[in-house]
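This report concerns only the one structure given below.
In UniProt numbering, the protein residues as written are 1 to 560.
Laid out in structure tokens, this is it:
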């Protein structure tokens, strides 16, 4: 999720022809909230132990009787702080996309990655408040004697499950839709043809975001829901497979008949299609209520979950790394190391998570620590054998990820400067320098077509259908330079976002250990809010807005 947010913050302004996000200081505040919230959460390891109630945090496991340490408190408050980062980022990117697109760029001329990010921000905008409410209830129950989930006090522990999964299932699409957008950018470039069914990809992404709100209770079929609820959520689980299947068809047809180049980015994109399809097929079985109930809390769920989120979300992020690395750092990751990276991850992932389908269908529950001969099984269904295979696969997978880290170090030390348009790309982010200037574009481009950059480089012969080049990258950039703005405005930096964000973990530590510290943190927050509100949005012009032809060295507010 943080990596998808990083891609969004970096690429969305570039893809829509904007110089920055709409609210740079709010962006900075979100970053510091994420950083400090993550640090706060992980200090629990040294201050009494991490959360020990499972990652669902089901009641009554989170009650003081079953989790007397402060681990759950750190978990609840840490997620609250990082959730602020998600909310501010969502507001920022929604406003950026809706208000700051380049002249001529209608919504239906936006790149698919930007579209998927827009859908994700609306999901975040509605999902984060739900888990925020749940975490507030949990914190009040543990620290102030409230009784929201305690049966003995007349409450209902299923309330937590509903709140958690109303957030939790949209969260799956929050994680995977950015990778769908990345794949939709990568496939056309390395297929040498436009994305098949652009509008279908856009609307299927929006449909996934909408239908994702109606399937949460298929996580709860074992909790005793009535037949009407089970029927409704079974149908919804089946329905959400339709827009996902549309995307698979669109991606496959984009490849069909294309002049394919199997770069590492392309391999990861194709890998996503295959692995996510496997995960989707195992997922749609949850539309069958008896099967879903049988699979609940078994390794079948672990297998499905990881084929969707590792084979889907993570493979997509790796495709993005290899595709946009020369844009971000002006160096191309080594393709030979990249292919080792890909194949080791493919083999490792399938060895690790593939056997878990067998383990789960044989009834192996999650979180099993001790094996006995009685539980091991026989022959093909020997559970101990498939667990060993999964263990070996996890090491292969780890080596695959290590190959990526080796590739990063090797590239930083040895790779030459990459060409400005190394892939012969199609979208606006490649129509500027690599890496981009701090203001992104010297001249805001005017958009006439979907895939604007491609249409400036190539034209189609209407009689023969053949594509021929009419301009090079250098010629396009020279033409843009003649329109360069003589004066570019960017907001000046501010210290108030980091000070405001710093007050939040102080409040959280105070709620756990000393109320006086919480009061001090609240004072820091209030003073920072006041200082931020009184600070001008831009300092002296001479300090922050030099003319472009003088060699701009703009300071971005996102630096803090």
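All residues carry an ideal CB built from backbone N, CA and C; glycine is no exception.
{"Check": "What is the rounded straight-line gap between the Cα of residue 149 and the Cα of residue 455?", "Outcome": "58 Å"}
{"Check": "Quick check on DSSP: helix, strand or coil for residue 365?", "Outcome": "strand"}
{"Check": "Hey, residue 112 and residue 11: beta-carbon distance below 8 Å or not?", "Outcome": "no"}
{"Check": "Roughly how many angstroms lie between the CA atoms of residue 241 and residue 208, to the nearest whole one?", "Outcome": "9 Å"}
{"Check": "Pick helix, strand or coil for residue 331, following the three-state DSSP scheme.", "Outcome": "strand"}
{"Check": "Curious, which full-length beta strand (DSSP E) runs of at least 3 residues does the region 160-207 contain?", "Outcome": "none"}
{"Check": "Taking C-beta to C-beta, are residue 102 and residue 444 nearer than 8 Å?", "Outcome": "yes"}
{"Check": "Determine the direct distance from the alpha carbon of residue 527 to that of residue 570, and round the result to whole angstroms.", "Outcome": "Here the chain covers residues 1 to 560 and nothing more, so residue 570 does not appear."}
{"Check": "When burial is assigned at 16 or more other CB atoms within 10 Å of the CB, is residue 224 buried or exposed?", "Outcome": "exposed"}
{"Check": "Are the region 348-365 and the region 298-313 touching by the rule of at least three beta carbon pairs closer than 8 Å?", "Outcome": "yes"}
{"Check": "Can you tell me whether residue 51 is buried or exposed, with buried defined as 16 or more other CB within 10 angstroms of its CB?", "Outcome": "buried"}
{"Check": "Is it buried or exposed, residue 533, if we count other Cβ atoms within 10 angstroms and call 16 or more buried?", "Outcome": "exposed"}
{"Check": "Find out if the Cβ-Cβ distance for the pair residue 8, residue 93 is shorter than 8 Å.", "Outcome": "yes"}
{"Check": "Identify, in the order they occur along the chain, each residue of the same chain with its Cβ nearer than 8 Å to the Cβ of residue 60, setting aside the five sequence neighbours on each side.", "Outcome": "66, 149, 150, 151, 157"}
{"Check": "Any idea if residue 559 is buried or exposed, counting beta-carbon neighbours within 10 angstroms, 16 or more meaning buried?", "Outcome": "Only weak support exists for where residue 559 lies, its pLDDT of 37 falling under 50; the coordinates are left without a value."}
{"Check": "Entirely within the region 13-99 and at least 3 residues each: give me those beta strand (DSSP E) ranges in chain order.", "Outcome": "none"}
{"Check": "Please list, in chain order, all residues of the same chain as residue 248 whose beta carbon is under 7 Å from its beta carbon, the five residues on each side excluded.", "Outcome": "273, 277"}
{"Check": "Just to confirm my understanding: we take residue 518, look at its own chain, exclude 5 residues before and 5 after, and list those with CB closer than 6 Å. What are they?", "Outcome": "507, 510, 511"}
{"Check": "Closer than 8 Å by C-beta to residue 417: which residues in its own chain qualify, once you throw out the five before and the five after it? Chain order, please.", "Outcome": "330, 331"}
{"Check": "For residue 470, which three-state DSSP category applies?", "Outcome": "coil"}
{"Check": "Pick helix, strand or coil for residue 102, following the three-state DSSP scheme.", "Outcome": "coil"}
{"Check": "List the whole-angstrom C-beta distance separating residue 53 from residue 62, where the pair is believed to meet the contact cut-off of C-beta under 8 Å.", "Outcome": "5 Å"}
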